[in-house]
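Visitor: A single structure is presented below for examination.
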Amino acid sequence: MLRKFHSLPGLLTGLLLMVLSVTGAVLALAPVLERASAVIPASGEISIAELADRIVAHYPGTEQIVREPSGKVIVYYSRDGQAGADLVNPVTGEGTPYEPSAFFGWIKDLHRAFMLDDAGRALAGVLAVLMVLLCLSGIFLIARRTGGWKNILRPLSGSGGKRIHAELARFAVLGLLLSALTGGYMSAQRFGLLPEAPDTGPGFPAEVSGGQPSPVGTLKALGNFDLGELRELVFPYPGDPQDVYSLSTAGGSGFVDQATGELLQFQPRSDSGVLQDWIVRLHTGEGLWWLGLTLGAAALTVPALSITGATIWWQRRRSSGQLPDNADAAQADTIILVGSEGNATWGFARELHSSLNKAGFRVHCSEMNALAKQYPQASRLFVLTSTYGDGDAPASARQFMARLKEFRAEKNLRYTVLGFGDRQFPNFCQFALSVDAALAGKGVSRLHAIELIDRCSASQFSEWGNRVGEVIGTPLFLNYCALQPATVKLELVERADYGIVVQAPTSIFRFKPAEQGGWLTASPRRFKALPPFEAGDLLGVIPPHGQAPRFYSLASSASDGIVEICVRKQPGGLCSGYLHDLKPGACIDGFIRPNPGFRPATGSQPVILIGAGAGIGPLTGFIRKNTRRNPMYLYWGGRDSSSDFLYQPELGRYLDDHRLSALNTAFSRADERTYVQDRLKQDELAVQQMVSTGAQILVCGGRDMAAAVRQVIGDILKPLHIDIETLRGQGRYLEDVY
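Counting along the sequence shown from 1, when you hit position 288 you're at 288 in UniProt numbering, and nothing is skipped either side.
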């Protein structure tokens, strides 16, 4: 709900908000330029009387002197019957012709009213209110993403548009909120929704001396005020001894007798008047050039926030199955819930959604995290979910089990679960099995027994559809086939082999794009570059005979000029065996799959890298990119230091140049027979200290190692009253487990 409350106003008004922000950023330059062009004497150096005396010497027909918030002094005068205005140097009294900038005037009209007078001003006021809502909801979303208000300034995890959107929002939100609140306040005053400050000033004095006017430089009252306090000085009408000087200062306003120099009926500025002045200054930055720059910088983020926000919304909408014919959850007779980590499961869900719609059902499809408390009209519930890591929930299903506790199933509701996974992993579709058991435990009847799909098999999905169609009495023709990205031909240029002596052959493979710099794709008539990638992203490798791709964590970034992976040869492993048989010069077909959920956060907080075996690949890539020398500590386990010490030369260099702060190794075939979790136990106090100061932990390697590390880290964290789930929620405990 909060996400919708945040995204819908932005989507509806994005273009108009961009106009407001860009014009606001341009206007924010005006105080800076005015301040740069103004001559500002030191405080106490020149009084108002001295200023007026110097100006009158050059402009005998002076009618008014105005000091702008920027410090710029302008004289309005009459000469030979012609009115004029000059920008004055307060030190000398000399001036140059002054004329307000037509460009800034045009920008101001566009910013205030979209060139539409009162209708435009009303629209700008509404947009200011919407910006307030966007800022407040955005702050809450950032707090939720970082795991609470106390963590809101900590580094964010992830990458891409979501990361850019969140980082920009966190940088700009206070400036945008200040601009929106003050702009909305002034709009509300203009249209009578809030009272304006009743700062009318003093009444004209009933009595004045009427004597011979004294030179303005000798008037005592004007000599008592510093130039920095001046706002406006209006001269008396020439030849009228009953007229007076009208004086307006930062502290109030009054009149000055032109003969005696006495201050008459001075009235201090009211609290409401002071508030009004500050509202204007905080919105425009007038007189506060540094604030103007800050507000301008914040305003310039709005176009980027609008674009990244719209992109995120579209990607979420496209991947979440919210199709144009998606029925309302309260009215649907069929519900499809989807659990997915990388969006692959959504493709199958959309195919099922489309087939059921064609059959005449009212279908609602959403992520498992959006499980409602009840579905009053539904009689069928389909749950399609993958499994993440070691039997865990994927991203779009992590709240499902908690929400299921409050779920109230209608008596006629029946469910079926379809799991997606890879049989080569021990806990194949474990989360799907857990969901099936949990729904049964709630007393919901099964529509059809749980089935499990191996490696996104289109044929298995189609056969499942046939069986379910027989149960519901309506044929389901499910012909979905997951499309793989276009592949790039990669040439093996170098390999380093380890672990043969200890029966754990592991190799580091370094590829470069083949065929004229590597632009050749799966289609011989099309050429394109490899997409950008970072260490921790995945290389999809297509094994021989068109089998489903296998994914390996990248140990390199695109800027390294190579595609590097570290692979252990698995007994009977089709793809790992294929890779280990390659010789330099051989080529493979591969593609990049982003994995933004596994990489170090930006910032100077410590990063603890933990891995074993080939899991060292992406961790080494993170160290290689640590050119800022932020604290980075590696704990890694192998079998034998003389046989499978992966990346030993590189890690030595990284220690020397301080990209790696410390290296702790554990070898299970050594005399002391230690594992990586043993090293963590030995460094318990150091790990506690780093976590307490905001450290992030990244774990990469096999499931058994990851489970053992999870147990040890949990024990280490107990004195800090923090658990791993809390760190996960803050983006500070990340796993890439296979």
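Cβ coordinates follow ideal geometry from the N, Cα and C atoms, glycine included. These numbers were taken from a predicted model, which means no experiment stands behind them.
What does DSSP give as the partner residue(s) for residue 461 in the beta ladder?
Guide: For residue 461, which the question treats as bridged, DSSP gives no partner whatsoever.
Visitor: Using 8 Å as the threshold, is the stretch 643-656 in touch with the stretch 600-610, meaning 3 or more CB pairs across them?
Guide: Result no; under three Cβ-Cβ pairs closer than 8 Å.
Visitor: Say whether the stretch 158-175 touches the stretch 210-220, bearing in mind that this needs 3 or more beta-carbon pairs closer than 8 Å, one atom from each stretch.
Guide: The stretch 158-175 makes no contact with the stretch 210-220, as fewer than three CB pairs between them are under 8 Å.
Visitor: Hey, could you find the ends of the alpha helix (DSSP H) residue 715 is sitting in?
Guide: 703-717
Visitor: What separation, rounded to the nearest whole angstrom, lies between the Cα atoms of residue 665 and residue 678?
Guide: 10 Å
Visitor: Does the Cβ of residue 531 have 16 or more other Cβ atoms within 10 Å, making it buried, or fewer, making it exposed?
Guide: exposed
Visitor: Check for me: the beta strand (DSSP E) holding residue 675 runs from which residue to which?
Guide: Run containing residue 675: none; DSSP gives neither H nor E here.
Visitor: Going straight from the alpha carbon of residue 34 to that of residue 722, what length do you get?
Guide: 53 Å
Visitor: Within 10 angstroms of its Cβ, does residue 286 collect 16 or more other Cβ (buried), or is it exposed?
Guide: By the Cβ-count criterion, residue 286 is buried, with 16 or more other Cβ atoms from all chains shown falling within 10 Å of its own Cβ.
Visitor: Counting C-beta neighbours from all protein chains within 10 Å, is the total for residue 59 16 or more, i.e. buried, or is it exposed?
Guide: buried
Visitor: In the DSSP assignment, find the unbroken alpha helix (DSSP H) run with residue 505 in it and report its ends.
Guide: Element bounds for residue 505: n/a, residue is neither H nor E.
Visitor: What number of angstroms, rounded off, separates the C-alpha of residue 447 from the C-alpha of residue 704?
Guide: 35 Å
Visitor: Answer yes if the stretch 551-570 comes into contact with the stretch 630-643, meaning at least three C-beta pairs across the two stretches below 8 Å, and no otherwise.
Guide: no
Visitor: Output yes or no for whether 9 Å exceeds the beta carbon distance between residue 540 and residue 618.
Guide: no
Visitor: In angstroms with no decimal places, state the Cα-to-Cα distance between residue 552 and residue 409.
Guide: The straight-line gap from Cα to Cα measures roughly 41 Å.
Visitor: When DSSP labels each residue in this structure, what does residue 442 get in the three-state scheme?
Guide: coil
Visitor: Helix or strand or just coil, what does DSSP make of residue 368?
Guide: helix
Visitor: Kindly indicate which residue of 240, 491, 508 and 201 has the alpha-carbon position closest to the one of residue 498.
Guide: 508
Visitor: Between the stretch 269-283 and the stretch 109-122, are three or more C-beta pairs nearer than 8 Å?
Guide: no
Visitor: In whole angstroms, what separates the C-alpha of residue 252 from that of residue 274?
Guide: Going from the Cα of residue 252 to the Cα of residue 274 covers about 10 Å.
Visitor: Write down the C-beta distance between residue 660 and residue 688 rounded to the nearest angstrom, noting that I regard them as a contact closer than 8 Å.
Guide: Rounded, the Cβ-Cβ distance is 21 Å, inconsistent with contact.
Visitor: Starting from residue 662 and walking both ways along the beta strand (DSSP E), at which residues does that stretch end?
Guide: 662-667
Visitor: Determine the contact status of residue 334 and residue 378, defining contact as a CB-CB distance below 9 Å.
Guide: yes
Visitor: Among all the DSSP beta bridges, which residues are the ones paired with residue 537?
Guide: Residue 537 is not bridged to any residue.
Visitor: Between residue 742 and residue 429, which are expected to be in contact by the criterion C-beta below 8 Å, what is the C-beta distance as a whole number of angstroms?
Guide: Beyond the ends of the chain as shown, which are 1 and 738, falls residue 742; an answer cannot be given.
Visitor: Name the two residues that bound the continuous beta strand (DSSP E) containing residue 735.
Guide: Counting along the chain, the beta strand (DSSP E) containing residue 735 begins and ends at 733-737.
Visitor: What do you reckon, are the CB atoms on residue 732 and residue 695 nearer than 9 Å?
Guide: Yes, they are a contact pair.
Visitor: Excluding the 5 residues flanking residue 301 on each side, which residues of the same chain have their C-beta closer than 6 Å to its C-beta?
Guide: 168 and 172
Visitor: Using DSSP with H/G/I as helix, E/B as strand and the rest coil, what is residue 173?
Guide: Under the three-state reduction of DSSP output, residue 173 falls in the helix class.
Visitor: Once DSSP output is grouped into helix, strand and coil, what is the label at residue 31?
Guide: Helix at residue 31.
Visitor: For residue 381, which of 421, 439 and 393 has the nearest alpha-carbon?
Guide: 439
Visitor: Excluding sequence positions up to five away, which residues of its chain have a Cβ less than 6 Å from the Cβ of residue 210?
Guide: 241 and 242
Visitor: In chain order, what residues of the same chain lie with their CB nearer than 6 Å to the CB of residue 359, ignoring the 5 residues before and after it?
Guide: 474
Visitor: Please name the residue or residues paired with residue 268 in a DSSP beta bridge.
Guide: According to DSSP, residue 268 bridges with 252.
Visitor: Determine whether the beta carbon atoms of residue 71 and residue 38 lie at a separation below 9 Å.
Guide: yes
Visitor: By DSSP, does residue 40 sit in helix, in strand, or in coil?
Guide: In the structure shown, residue 40 sits in coil (DSSP, three-state: anything other than H, G, I, E or B).
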